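Protein chains in written order, with my numbering: chain A, -14 to 445; chain B, -14 to 445; chain C, -14 to 445; chain D, -14 to 445. Heads up, the beta-carbon is just placed ideally off N, CA and C, and yes, glycines get one too. Treat the numbers as computed from the prediction; the structure is a model and nothing was measured. Please read the structure below before turning to the comments.
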């Protein structure tokens, strides 16, 4: 029973694998990260084999205890990985066999790496989802805390990066809380969908041995065992879906980062970024650069690239397992790491950032942001909106030519454009009045924004 | 109250828009597709204005009836769109004003194109989700029908495109039913998440007029009105998410198409594609090409490209509305159209395709697909799996050198590699025996596959 | 010689193509754009057949004249396309046969749609390259004209969107001229690489008929005929490469658009965008929005998506022709159209934009942009740069705490941080001095920038 | 001259950088790979400073010798990197200062990390281009060697993965040689375009010190120094372009891999992959899996993802340097590594693969691949091609119904479909005759393919 190959799968091979091929095909240099999941999966698999009398109790004990030892060694960094054994799965199995002999030879009964790796990867992804959900909550809380602390500050609301209407700074922050809430929900649904256990699919067709997929599924915290063994080993939807969810998160962060980068410029001058979140220049002694925000924005490309990577890999891939799937780990690991780090550092940065209240307020004086309020004023006096819009447009044009704010115009000046304007018009002009007059659901009205803050405080 | 511009928004402008700019910025040439949603949204908005006494009942009736007329004209192709009015929203509003005068001038009260277009787009996407969900179900049914009709046919199961273990053709089809089921669920969750009404957000800050966002939300079938006006006009998550869901669908279809393209080759010769789904060659008289399958596979790039398009557009986009968002329609419309057409034609193709039973069966004789069964046979006789795997590997090597199938080897030949092999080994060798011996949940066992078929028949 | 099919390729088919399949597989609704190239290619092909005595002179004359008629009809919009004939190639051939009978039946001698479509597509791409090269040059010229006209204006140079060092506005514009120059070169190389004629490859293997690929190649303006018939019909590298080149262009335009969007904000207030390139708001009467710039930025996603589309389509596509390749046209056409329009409108916008000189100059007073000049001043007095950098950093910190500019500090104040500072320091402080003191190659020195302008004027 | 920060740039900072920020912003854990380029660049920069009398000769010697020492230590793995110093550039500079004191403080004179990193990255990319060009040539040679060794083998040529016309196996291999040749050219042009030295741009505006960019450019092997300092530090076109070139290469490899995977299936059975390039299964003892080919195909997604990453990062990025650019290294390094490894292992695999001649030949008997030859036969006898195509289509239909090959039909049987068929028809039927009759330029004719082989042997 010898063979030319040194591999556990080498029975039918006469010669050895080319070393170049070993280097090219090995994955243990990156999939070692799955060791906890692999060992957990193997212990539960062994327990099932015991339950179904496919191994003895003493076999089980030896397997379980040795796997635990191996886990500790890997955690401690004292386990030696060998590229010859290709991946984390074979490295652990080979070590087990090496240490306990025959019982170890039985572990892979009614199991293939195809269902094993799918299981390990699902366990890892599930754990990662849980931790990103927590990071999202932390980030939402940081936004919420800032929103509460700075709830009275008004600033220009922008459309097309132009002054549009005044808004509360806290209202802007809550917009991001909403986005991240969608991200959290999306992740939780992704978790539900992935939570089907592939163990028992074996290579692709299931097994003729009397195994118990319900048992392994339940013990590993899955909602149900597989329905279809071919799908179980071919499916990487959960990986794409997780990376898609991460892409949405980084997209949201990139929008926030972009806003804050612009607001932190000398010209906008709305934000005070804490020095500890900035860096200097190697040549220009005066620089205080918002590098953290730029890096978060810059990491968007990576995460998007990871999504495109996975989708490309799966395009036109016939069932069932193909080795292309080994490449799923890079984008999965990388996207999770990058988004995790970005969320974490952004949360800290948010907590340490303050708004330059005066600058924000004085910025509100530019750009005729009360023009819509003036148009609505006329609507309330029976003027059709389009007519009112035209009239106010003309007033703005006139005011701009004189370099005056609307509230600095006289009633007579304004009445030249519409006769229904009277003294009470000054109650709607100016940013603070605009804010106070908002009343519609979801608007930037101080009372409603405070209600939202309270609601979120309960939810988070 | 004249102005140089001819636009509804032109009050503050002195001159006209450059014609090149009009051509470049217009969107009515593609967003006209939203006309039903726009008119529905406007009618409900008008009803709300009436309810809140912002317009009179006669205003409302004129608006409603004229919008209905306009809808009919657009459906009939007799409405004339004008690029000067930029988009579908302004085209309809301008026509309304043109026809009814003053009441029309009131429609845009407490509304901006920013919340209007978000609302229209959500209505369109919701409708599209519903129809793709139906197309998925049809495709699942077609797969299920074939699975039921062809439930006894065995064929090689592939891993690495190499013969692995025998499976039932119906089992493969059900793997695709599983995939499409995930696609359906994903779409339904996407629908839930989008179903928040943006109306009332106006430009970005909400309104100071006494509007009723709960009313419009409910009338338009949304689950709730907006919580945050800034998010409401900035958010295009639902568009990305829908296109992501469509990307997963086309990815699944591309996997099925690829499999069938390979199976329809002269060499695999497993499928009989109906002639009406094939085309010929302009030069080679003998050709019968599976173009439909190739085109479906080929459309994957388009849909992925649309996903990347939307993600790129949103990267680093500051809040709230920016004109970049106008570009969301192309990828959204295109992805929905391509996936819709692909699903529909694939469903028909599936229903008309049959399997070449004999070829499938005889293909099962190649590749030693019963080797795993033989290894399991030894496991049942107490041999540790790895030992058994090695022994069977050697048997296969020997058999291959003699160009024999396993079931054609004598007991003695086999016993040379493992003494525990005896006469009953022939009960596990051969593809049909393999299939019959599968017993684990989710496996390719005929009984279990039939159970799955029954379950799916109930579900779909 | 009848058959059930109505197709030119239908000889071996008994039944008709399914109408759903006809709709799904037709491409004439979009590839009709290739009609000029198709007709040109066919005329040259016919001329070659004549030269090689494969058709008679009268056959040739009939073919040529009728093709010219068809071309005129298509140009005039009076030609009726029929989806039954699938694509532009078959539509034209069918019309030819319909009109001239037997000579038309001979046109497709020693030709397949596989080499025909590759040829047509290359001709179209070559023409498109030429026109984009021209549009790039126009855009460069517009930038150059502005650079010349505004060559004295100084403004803040930004790194990390923070004030870094003063630069000439013209120097910034020339940076874009450099980028677009790389784009032009890239396109010209793409043109060279594509300029190999695929005609003669036929289906994939070449022909046994005595054709003359050198003749057709030369007549169609190709640099050489094919070397390998399989590559000739499988290759779409030129399409990917063109769309890649377009992606680089739109990426560059998106950078310029982003800069100008930021500079056109109320806060930066550096640019005066002509009103005719802006639009208003449906609700906010005061708005003047830079939509053209936003749309150009927004179109980046489309072009990137088109690149990803093509790459995805070609991934793992076996040789030689597969119908997936039909899908190459959408991304190719769309990317060319979007970039063409964007370049053209951007060129006009550039020409009509002016800089707010005063605001630019006064912006230069913020952010201690002369700090590097001060550090260099110390270097010239023998201070190691790192020491000088530290000292100036401390000076800036001190100046900022007193809210003073560097040039407003007294010598004594400065000397507290470094004793080598003396009266002549004021010659290096302040933005204008910085600019005047630049002297290195490629720097923002007025004299050198003017030299660059002269060089570009010669080149373009 | 103390400050709260420990950074070389920390003069103006009062406090320290947050450790979380240090972790998040550091890049030395991956950009350490640029150490050779950084040290080379610094030595040349120092030489220029000496030449321009900005440092003394003894300063230069100390800098140069210490940098050489540092290089050796990094190569030997004994250099200690410190995240506190952020990147490879600051790590090396800090070590230099630490070792030599004052001369080290002078190295960064008239230099910023902005131009330094651009320079280092260009040097690294240039070197990488050169090595990929070599790997491409090796792969072409391997293909060419196989083509020469197996030049007589015929096999089915495929379109739509269906039998089309017979071709030479060597002709297929040469199609890949053509593709890789385009890849090589593309890289060489990319090299030319990048070969402009950014040194001297400093932060973004150039320098007021009397530096000599021509000198540094020439010494570092660049074709010219920068023309525009802003472009010089903002530009990452060369990185995108290199990754684009790598995307094209992996796309080509994925096409080859896909073909060979299909050809290595039990059903096609055309290729004999060497065992040392295959792996086994953990559960199925008989498996010999073509994992190397699958992994190469699977790596396509990574490289495409890297391209999308870079394009996304650059989208809408304002000039000049922004920290987002730090993220350019991951996709650049990864794409180069993956493509390098894939090329290298593919080259070995190609050299060790042989064709199953008999199976290839017998596969040629299926699918009526001589139908086009028969149609051309009639064309030579004056039949218009379309008429001939129809007739042969009918013959094929008839032959298929009798399960006969064309060459097994009698003259009478054939003449029923066209009277111009006579005895000499058998000279054109059958795969070998088809091959022998090809005569057009670029076709699969043995003589012409051999000519191509000779031409390539000279070129490579």
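The Cβ-Cβ distance between residue 241 of chain D and residue 161 of chain D falls below 8 Å. In the three-state scheme derived from DSSP, where H, G and I count as helix and E and B as strand, residue 352 of chain D is classed as coil. Bounds of the alpha helix (DSSP H) holding residue 218 of chain D are 214 to 219. Annotation for residue 410 of chain D: 359, 362, 396, 399 place their beta carbon closer than 8 Å to its own, counting only its chain and skipping 5 residues before and after. For residue 353 of chain B, the residues of chain D that pass the 7 Å Cβ criterion are 271, in the order they occur in the chain. Contact holds between the region 339 to 350 of chain A and the region 248 to 259 of chain A, because three or more Cβ pairs, one in each stretch, are under 8 Å apart. At a Cβ-Cβ threshold of 8 Å, residue 384 of chain B and residue 403 of chain B do not count as neighbours. When DSSP states are grouped into helix, strand and coil, residue 140 of chain C belongs to the strand group. Our two residues, residue 286 of chain C and residue 299 of chain B, have alpha carbons roughly 9 Å apart in a direct line.
Relative to residue 2 of chain B, the option among C:329, C:428, C:265 whose CA is nearest is C:265. Here residue 26 of chain D is near residue 205 of chain D, since their CB atoms are less than 8 Å apart. Under the criterion of beta carbons closer than 8 Å, residue 198 of chain B and residue 211 of chain B qualify as touching, at roughly 6 Å.
For the pair residue 246 of chain A and residue 327 of chain A, the CB atoms are not nearer than the 8 Å cut-off. Within the same chain, 150 come within 7 Å of residue 357 of chain D by CB-CB distance, once the 5 residues on both sides are set aside. Residue 21 of chain D and residue 58 of chain D have their C-alpha atoms some 11 Å from each other. Runs of the beta strand (DSSP E) spanning 3 or more residues and lying entirely within the region 145 to 169 of chain C occur at 147 to 153, in chain order.
The contact set of residue 9 of chain A on chain B, defined by CB atoms closer than 7 Å, is empty, because the minimum CB distance reaches about 16 Å. Taking the Cα positions, residue 253 of chain D is about 36 Å away from residue 209 of chain C.
Not one beta carbon of chain A lies nearer than 8 Å to the beta carbon of residue 394 of chain B.
Contacts with chain D (Cβ-Cβ distance below 8 Å) from the region 231 to 250 of chain B involve 246, 247, 249, 250, listed in chain order. Between the region 164 to 179 of chain D and the region 109 to 120 of chain C, the count of Cβ pairs shorter than 8 Å is below three; the stretches do not touch. Residues of the same chain with a CB within less than 6 Å of the CB of residue 434 of chain C, apart from the 5 flanking positions on each side, are 153, 155, 156 in chain order. Inclusion of residue 48 of chain D and residue 92 of chain D in the CB contact set at 8 Å is warranted, their separation being smaller than that value.
Taken in chain order, the members of the region 293 to 327 of chain D whose beta-carbon sits within less than 9 Å of a beta-carbon on chain C are 293, 296, 297, 299, 300, 301, 302, 303, 304, 305, 306, 307, 308. Only residues of its own chain outside the window of five on either side were considered, and among them 396 have a CB closer than 7 Å to the CB of residue 408 of chain D, listed in chain order. From the listed residues A:378, A:406, A:314, the smallest Cα separation to residue 14 of chain A is found for A:314. Here residue 306 of chain C has 99, 189, 218, 219 as same chain residues with Cβ atoms under 7 Å from its own Cβ, once five neighbours each way along the sequence are excluded. DSSP places residue 23 of chain C inside the alpha helix (DSSP H), whose first and last residues are 20 to 36. Counted as a single uninterrupted DSSP element, the alpha helix (DSSP H) harbouring residue 317 of chain B occupies residues 314 to 337.
In this structure, residue 12 of chain C sits away from residue 56 of chain C, with a CB-CB distance that is not shorter than 8 Å. If one requires a minimum length of 4 residues, the alpha helix (DSSP H) runs lying completely within the region 73 to 143 of chain D are 73 to 85, 87 to 90, 98 to 134, in chain order. At a cut-off of 8 Å between C-beta atoms, residue 195 of chain C counts as an interface residue with respect to chain D. The criterion of a C-beta distance shorter than 8 Å is not satisfied by residue 213 of chain D and residue 166 of chain C. Taking all protein chains shown into account, residue 191 of chain D has 16 or more neighbouring C-beta atoms within 10 Å of its C-beta and is therefore buried.
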